[in-house]
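Asks: My questions all concern the structure below.
Residue numbers (this note's numbering): 706 to 1038.
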């Protein structure tokens, strides 16, 4: 039966905060008569703590303690903080600051700290590793779907709406495989495509023993508008780092482009880079054009790829990008 979905209407983090707080609260034994939700909530806590044998009796869950999205005490032993994200990433020292405040609270109350970063949209490997280095357990959309699959017999309307929302995000994330153009107007489809591109490039870098080369993607907010950016493959040209960057301004201009950027501040050197780029581009049938106005920044856009590489199937698009990487290899010699 077709019906409105609560979480398709309330898509912001506050709605997800409320749902997670609602679900986790069921783990307390005062709600044990709601056996199915009580068991699911306890399994969720076990996943966060990392202890499947944990006997959970007493749970208290609340929001916005010290501006942290969700806080949970379990059996007066564990203190769990959850940073909940639907689309945006962490910023500044947010995670480390939250962890310090939470650890102080644990020290004062003889509690064991568990830090969780929960994200229902996709992240790059670089971002996930950065979160884990901060001491947070990363819980993804697929982790949640796997948990809920084990409790698929539950027919609670709120829970089913949330699961449907996650499945809709998953479907949109994979839509680029059958409709490449979806990456131009769908945030989730673009994330899925970038994730696949990251796998392809990471394998290439590993094969070339360049595992430490730059390959990352994330949402970027700047004065020109929000875009999903993907940057990859540093090379050295006269000791100046260069890289390619994909910018997808789908929300504002339905525009996606591939740029060549450099950290060089020397205009003469940049002109030499451009001359070399034109020559190498011709070798690979890649049409390179200088930006209309050169503005020196920390990383300066100096040219863009004119070829429509985002056409055909997604496999053809990935092959087009492989050709750009082949060209970029020549910058390193």
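C-beta: ideal position from N, C-alpha, C; glycine also.
Since this is a predicted model, take the numbers as computed values, not measurements.
#1: Going by beta-carbon coordinates alone, are residue 1030 and residue 955 separated by less than 9 angstroms?
#2: What would DSSP say about residue 822, mapped onto helix, strand or coil?
#3: Under the three-state reduction of DSSP, which class applies to residue 798: helix, strand or coil?
#4: Indicate the three-state DSSP secondary structure (helix, strand or coil) for residue 915 in the structure shown.
#5: Would you give the residue range spanned by the alpha helix (DSSP H) that residue 748 belongs to?
#6: Which same chain residues, not among the five before or five after residue 932, have their C-beta less than 7 angstroms away from its C-beta?
#7: Identify which residue in 809, 898, 875, 819 has its Cα closest to the Cα of residue 825.
#8: Tell me which same chain residues have a C-beta within less than 7 angstroms of the C-beta of residue 879, skipping the five on either side of it?
#9: Using 9 angstroms as the threshold, is the C-beta distance between residue 993 and residue 983 below it?
#10: Does DSSP put residue 711 in a helix, a strand or coil?
#11: Would you kindly report the start and end of the unbroken alpha helix (DSSP H) that includes residue 727?
#12: What does residue 776 pair with, by DSSP beta-bridge criteria?
#13: Are the beta-carbon atoms belonging to residue 802 and residue 761 less than 9 angstroms from one another?
#14: Counting beta carbon pairs with one atom in the stretch 770–784 and one in the stretch 883–894, are three or more of them shorter than 8 angstroms?
#15: Cβ of residue 783 within 9 angstroms of Cβ of residue 816?
#16: CB residue 693 to CB residue 1004, shorter than 9 angstroms?
#17: With distances taken Cα to Cα, identify the nearest neighbour of residue 971 among 757, 1000, 894, 711.
#18: Please list, in chain order, all residues of the same chain as residue 742 whose beta carbon is under 6 angstroms from its beta carbon, the five residues on each side excluded.
#19: What does the alpha-carbon distance come out to for the pair residue 869 and residue 935?
#20: Would residue 726 pass as a contact of residue 770 if the rule is Cβ separation under 9 angstroms?
#21: Mind checking who residue 1006 pairs with in its DSSP beta bridge?
#22: Using DSSP bridges, identify the partner residues of residue 843.
Replies: Put simply:
#1: Their beta carbons are not under 9 angstroms apart, which means residue 1030 does not touch residue 955 by this criterion.
#2: Three-state DSSP puts residue 822 in a strand.
#3: Residue state, collapsed to three classes: coil.
#4: DSSP places residue 915 in coil when its eight states are reduced to three.
#5: Start and end: 740–754.
#6: Cβ within range, chain order: 925, 952, 953, 954.
#7: Here the closest residue by C-alpha is 875.
#8: Excluding residues within five positions, the ones whose Cβ falls inside 7 angstroms are 897.
#9: With respect to the 9 angstroms criterion, residue 993 and residue 983 are classified as neighbours on the basis of their beta carbons.
#10: Helix at residue 711.
#11: Bounds of the alpha helix (DSSP H) holding residue 727 are 718–730.
#12: Answer is 767, 786, bridged to residue 776.
#13: Against a cut-off of 9 angstroms, the Cβ pair of residue 761 and residue 802 comes out as no contact.
#14: Using a C-beta cut-off of 8 angstroms, the stretch 883–894 makes no contact with the stretch 770–784, since fewer than three inter-stretch Cβ pairs fall below that distance.
#15: The answer is yes: Cβ separation under 9 angstroms.
#16: Residue 693 is absent from the model: the chain starts at 706 and stops at 1038.
#17: Distances from the alpha-carbon of residue 971 to those of 757, 1000, 894, 711 put 1000 closest.
#18: Excluding sequence positions up to five before and after residue 742, its CB lies within less than 6 angstroms of the CB of 731, all in the same chain and listed in chain order.
#19: Rounded to the nearest whole angstrom, the CA to CA distance from residue 869 to residue 935 is 29 angstroms.
#20: In terms of Cβ geometry, residue 726 and residue 770 do not form a close pair [threshold 9 angstroms].
#21: Its beta-bridge partners are 966.
#22: For residue 843, the pairing in a beta bridge is given by DSSP as 822.
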